[in-house]
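Numbering (the numbering used here), first residue to last: 19 to 333. Idealized CB from N, CA, C, for every residue including glycine. Keep in mind it's a predicted model, so treat the numbers as computed, not measured. Before any comments, here is the structure.
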């Protein structure tokens, strides 16, 4: 019997923010699946500063079920911080982050564990389709994955969220990463290791509404690009070289034309257009530089990623 085939502790990691309508349905759905496993299980809920009855429901649940543990943040720090806290605190031999909204099918958990016991260190759940997403959102997601694949040296699997199984050594590797800017798609993918994939069709959200809006998703995509690539800075260098080359060519052309044909009346429209164009270019360049400087500023302050107000169900 191999080490992975012995009875192990499986940690289920569940971030929550204002999910009072989803918790009971989630537990009713996942409990039979976990009971069918021949494994020890712990379920860690992370209350990310909820303002509804989420913490009260989780506290009651932890009192009724010894498998359930709860941590509550002092305020809302975001899902990335919630995942980070969960990975820091779980003790399982394998860890499975999952959303409470049931869009991640819990029925995949036994398959994940089976592949893990067969030798995989990471088992990804990959979405085959996005039936609830609009055409614009699907297009934006497609552009994001193409961009991040082109710009980043860290392979980030397409159509894969946080739902996956990770071996203990993978989790330990992730916990070594100290950065405060937590782009979890990249951080979870960074360690590598032996990886298997399970495909699934994603259902609609069972209850409640998604907390992710278009502008938040756009900022999240920018975080991914700036956190896992310095290519924008390098591309700006290339753009500067190209523009300088063409500017030099144009300058030579103007000087030669003036020497041969004399001085033309200056064109006001063309001058204004050129000034506005290069002003825009400079502002974009400053914005890119500012993004990186802002991240450096956040890192050097060394503030904690999260603050825990309360722990429930821990020894």
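When the options are compared against residue i, the one with the closest alpha-carbon
| i | options | result |
| --- | --- | --- |
| residue 112 | 90, 94, 137 and 97 | 137 |
| residue 170 | 249, 78 and 196 | 249 |
| residue 122 | 72, 30 and 237 | 30 |
| residue 216 | 272, 247 and 182 | 182 |
| residue 299 | 262, 274, 313 and 273 | 262 |
| residue 42 | 53, 120 and 54 | 120 |
| residue 195 | 162, 279 and 245 | 245 |
| residue 203 | 277, 308, 243 and 276 | 243 |
| residue 144 | 49, 116, 251 and 308 | 116 |
| residue 307 | 85, 135, 254 and 237 | 254 |
| residue 333 | 277, 84 and 305 | 84 |
| residue 49 | 79, 95 and 331 | 79 |
| residue 337 | 210, 175 and 176 | One cannot answer for residue 337 here, as it falls past the ends of the chain, which runs 19 to 333. |
| residue 322 | 310, 46, 103 and 45 | 103 |
| residue 208 | 240, 276 and 174 | 174 |
| residue 187 | 305, 165, 206 and 315 | 206 |
| residue 247 | 156, 161 and 172 | 172 |
| residue 256 | 46, 303, 275 and 268 | 303 |
Cβ-Cβ separation, residue j to residue i (assumed contact under 8 Å), whole Å
| i | j | result |
| --- | --- | --- |
| residue 180 | residue 76 | About 19 Å; that fails the 8 Å criterion. |
| residue 118 | residue 32 | 5 Å |
| residue 142 | residue 189 | That belief does not hold up - the Cβ atoms of residue 142 and residue 189 are roughly 15 Å apart, past 8 Å. |
| residue 219 | residue 106 | Rounded, the Cβ-Cβ distance is 32 Å, inconsistent with contact. |
| residue 197 | residue 317 | 6 Å |
| residue 139 | residue 212 | 5 Å |
| residue 251 | residue 310 | 7 Å |
| residue 130 | residue 114 | 7 Å |
Chain-order list of residues whose beta-carbon lies under 6 Å from that of residue i (same chain, five-residue window excluded)
| i | result |
| --- | --- |
| residue 27 | 58, 110 and 111 |
| residue 51 | 124 and 127 |
| residue 34 | 63, 65, 72 and 118 |
| residue 313 | 199 |
| residue 93 | 67 |
| residue 214 | 133, 138 and 141 |
| residue 184 | 113 and 140 |
Per-residue burial, residue i [other beta carbons within 10 Å of its own, 16 or more giving buried]
| i | result |
| --- | --- |
| residue 97 | buried |
| residue 265 | exposed |
| residue 166 | buried |
| residue 168 | exposed |
| residue 44 | buried |
| residue 95 | buried |
| residue 162 | buried |
| residue 319 | exposed |
Own chain, CB closer than 7 Å to residue i, minus 5 neighbours either side, in chain order
| i | result |
| --- | --- |
| residue 69 | 36 |
| residue 331 | 80, 86, 87 and 88 |
| residue 38 | 70, 71, 72 and 75 |
| residue 270 | none |
Contact set for residue i: own chain, Cβ-Cβ below 8 Å, skip 5 residues either direction
| i | result |
| --- | --- |
| residue 99 | 66, 91, 200, 323 and 324 |
Are there three or more Cβ pairs, one per stretch, closer than 8 Å when the region 308-328 is compared with the region 84-93? Contact between the region 308-328 and the region 84-93 is present, because at least three Cβ pairs lie under 8 Å.
Any chance the region 290-305 sits against the region 48-60, with 3 or more Cβ pairs inside 8 Å? No, the region 290-305 is not in contact with the region 48-60.
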